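Q: This is the structure, below, for whatever I ask next.
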Amino acid sequence: MVYSTTLEISTSAAEQAVDITLRVGGLVRESGIANGLVLVFTTHTTTGLFLNEHEGGLEKDVQGVLARLVPPRAGYLHDRVDDNAASHIQSVLLGPSLVLPVTDGRLDLGRWQNIFLAERDGPRRRTVVVKVMGERS
Amino acid sequence: MVYSTTLEISTSAAEQAVDITLRVGGLVRESGIANGLVLVFTTHTTTGLFLNEHEGGLEKDVQGVLARLVPPRAGYLHDRVDDNAASHIQSVLLGPSLVLPVTDGRLDLGRWQNIFLAERDGPRRRTVVVKVMGERS
Amino acid sequence: MVYSTTLEISTSAAEQAVDITLRVGGLVRESGIANGLVLVFTTHTTTGLFLNEHEGGLEKDVQGVLARLVPPRAGYLHDRVDDNAASHIQSVLLGPSLVLPVTDGRLDLGRWQNIFLAERDGPRRRTVVVKVMGERS
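Written out as structure tokens, the structure reads:
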């Protein structure tokens, strides 16, 4: 069984970490699937997804490390086409997908785990595909 | 339902990004699966997979950042065994799998998203496993 | 069909790479699933999962690169809350999940591929969720 939908997320800054855990958890419950997995997939090349603790300082730290490892406008070839190569490359390091377990009808995360959409070239309207797959109870 | 197959890819350089979007998309259509996901998995420890825009400059930029973050022959222990530690570690940063949505019988990517096999220790013949899972229409 | 279980792993050092390939492979055989995928998911925010060659030098190299890219106590905001920001951010770079193919009733990895839990803030008792999904033969 597959339950398929999308989330629309309006980001509000050039760089931002948006916690979408509650929205994904709600879709998992809505799906009626008891046991399986959920695929969370961003459809953009300048966003990524990551899982970690929801703590404001840590969210800034993750973004600070991305900007340090892949600094904007550091002589990239793609900046001649579009001035956002660093946004693309940071998104590659994070990856576009999270695959998470669904157990007993709910999103089966650890106590401190939250799902974040990492905006790296906003603000923009973003679309995230969510597919819940597995068995009904 | 599961549709399972492999892609054989001959790379032509030591470092290379090979766009395999059309081939994966063709397998998704062949599978007859209407709604679900596709797992794309490289079976090697010196390649990775990533998703991003198909633009020649950006492909070089991604590879340039990998080489800057994990430079070859920078005193790695594994280089005493086999002279390619950086290739392995760059592959770890990218990851071996992409899990992508399948909707209405096709690979459901955003407009700018393309699937790349990142060769980090070529040229070689590489095998990528593709599994499409989900519901028929 | 979904086969769902967990692995308990006691790590023995602050930073460690624990090879869990045999344990995951055993669960795949136990599942009775012939064709599909296995999701391996760590439920913690200071561990990650990666796939690579089992060679002691390389395991140290991967950990050395993580520590170089995200050095501990480098002025992170999260260190004011809890003294382990680098452990969190290194885990984000690795990611919490691996999705791997299952073919002919076994874990379908390449010859040199092994599954590692990367402990970044141990020693601790860790829980990894394993879900095998697919078709029986």
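Residue numbers (the working numbering), protein chains in the order written: chain A, 317 to 453; chain R, 317 to 453; chain Y, 317 to 453. Just so it is clear, CB atoms sit at the ideal spot from N, CA and C, and this is done for glycine as well. This one's a predicted model, so the numbers in the text were calculated from it and none came from an experiment.
Shorter than 8 angstroms from the beta carbon of residue 376 of chain A to some beta carbon of chain R?
A: By this cut-off, residue 376 of chain A is not an interface position.
Q: If we ignore side chains and look at the alpha-carbon of each, how far apart do residue 366 of chain R and residue 410 of chain R end up?
A: Taking the straight line from one Cα to the other gives about 7 angstroms.
Q: Give the secondary structure of residue 329 of chain Y by DSSP, where H, G and I count as helix, E and B as strand, and everything else as coil.
A: In this structure, residue 329 of chain Y counts as coil in the three-state DSSP scheme.
Q: Identify whether residue 434 of chain Y lies in helix, strand or coil by the three-state DSSP scheme.
A: In this structure, residue 434 of chain Y counts as strand in the three-state DSSP scheme.
Q: Specify whether the stretch 321-332 of chain R and the stretch 435-442 of chain R touch according to this definition: at least 3 beta carbon pairs, one from each stretch, less than 8 angstroms apart.
A: Because the criterion of three Cβ pairs below 8 angstroms is met, the stretch 321-332 of chain R and the stretch 435-442 of chain R touch.
Q: Indicate the three-state DSSP secondary structure (helix, strand or coil) for residue 453 of chain Y in the structure shown.
A: Here residue 453 of chain Y sits in coil by DSSP.
Q: Threshold first: 4 residues or longer. Then list the alpha helix (DSSP H) segments lying entirely within the stretch 359-443 of chain A, N to C.
A: Qualifying alpha helix (DSSP H) stretches, in chain order: 372-385 and 401-410.
Q: Name the residue from A:346, A:324, A:351 and A:447 whose alpha carbon lies nearest to the alpha carbon of residue 447 of chain Y.
A: When each option's Cα is compared against that of residue 447 of chain Y, the closest is A:351.
Q: Pull up the DSSP beta-bridge partners for residue 324 of chain Y, would you.
A: Y:443, per the DSSP bridge assignment.
Q: When DSSP labels each residue in this structure, what does residue 342 of chain A get in the three-state scheme?
A: In this structure, residue 342 of chain A counts as helix in the three-state DSSP scheme.
Q: List the residues that DSSP assigns as beta-bridge partners of residue 336 of chain R.
A: According to DSSP, which records beta bridges pairwise, residue 336 of chain R is partnered with nothing at all.
Q: Can you say whether residue 346 of chain R is buried or exposed, counting buried as having 16 or more other CB atoms within 10 angstroms of its CB?
A: By the neighbour-count rule (16 or more Cβ atoms within 10 Å), residue 346 of chain R is not buried but exposed.
Q: Since residue 435 of chain R meets chain A, which of its residues come closer than 8 angstroms, beta carbon to beta carbon?
A: Those within 8 angstroms of residue 435 of chain R in chain A number zero; the least Cβ separation is about 15 angstroms.
Q: Find the residues of chain R that neighbour residue 379 of chain Y, judging by a C-beta separation of less than 7 angstroms, and give them in chain order.
A: Chain R residues near residue 379 of chain Y: none, gap ~10 angstroms exceeds 7 angstroms.
Q: Any Cβ of chain R within less than 8 angstroms of the Cβ of residue 366 of chain Y?
A: Yes, residue 366 of chain Y counts as interfacial toward chain R.
Q: At a Cβ threshold of 8 angstroms, is residue 323 of chain R touching chain A?
A: Taking Cβ atoms only, chain A never reaches closer than 8 angstroms to residue 323 of chain R, which makes this a no.
Q: Determine which residues share a DSSP beta bridge with residue 352 of chain R and list them.
A: Per DSSP, R:418 and R:450.
Q: Output, in chain order, the set of chain A residues within a Cβ distance shorter than 7 angstroms of residue 401 of chain Y.
A: Those are 374 and 377, listed as they occur along chain A.
Q: Leaving aside the five residues before and after residue 386 of chain A along the sequence, list all residues of the same chain whose C-beta is less than 6 angstroms from its C-beta, in chain order.
A: So the list reads 402, 405 and 406, once near-sequence residues are dropped.
Q: Could you tell me whether the Cβ of residue 426 of chain A comes closer than 8 angstroms to any Cβ of chain Y?
A: With 8 angstroms as the cut-off, residue 426 of chain A counts as an interface residue toward chain Y.
Q: Taking just the CA atoms, how far does residue 379 of chain R sit from residue 372 of chain Y?
A: Going from the Cα of residue 372 of chain Y to the Cα of residue 379 of chain R covers about 26 angstroms.
Q: Among Y:323, Y:376, Y:332 and Y:391, whose alpha-carbon lies nearest the alpha-carbon of residue 338 of chain Y?
A: Comparing Cα positions, the closest option is Y:323.
Q: Using a Cβ-Cβ distance cut-off of 8 angstroms, determine whether residue 347 of chain A contacts chain R.
A: So, not an interface residue.
Q: Closer than 6 angstroms by C-beta to residue 336 of chain A: which residues in its own chain qualify, once you throw out the five before and the five after it? Chain order, please.
A: Around residue 336 of chain A: 431 and 433.
Q: Does the beta carbon of residue 415 of chain A come closer than 8 angstroms to any beta carbon on chain Y?
A: Interface residue, yes.
Q: Can you pull the chain A neighbours of residue 320 of chain Y, defined as C-beta to C-beta under 7 angstroms?
A: Per Cβ cutoff of 7 angstroms: 351 and 419.
Q: Which chain R residues are close to residue 340 of chain A, counting only those with a beta carbon under 8 angstroms from its beta carbon?
A: By Cβ distance, chain R contributes nothing, its closest Cβ being about 14 angstroms from residue 340 of chain A, past 8 angstroms.
Q: For residue 442 of chain R versus residue 321 of chain R, is the C-beta distance shorter than 8 angstroms?
A: Not closer than 8 angstroms, so no.
Q: Residue 429 of chain R CB to nearest chain A CB: under 8 angstroms?
A: With 8 angstroms as the cut-off, residue 429 of chain R counts as an interface residue toward chain A.
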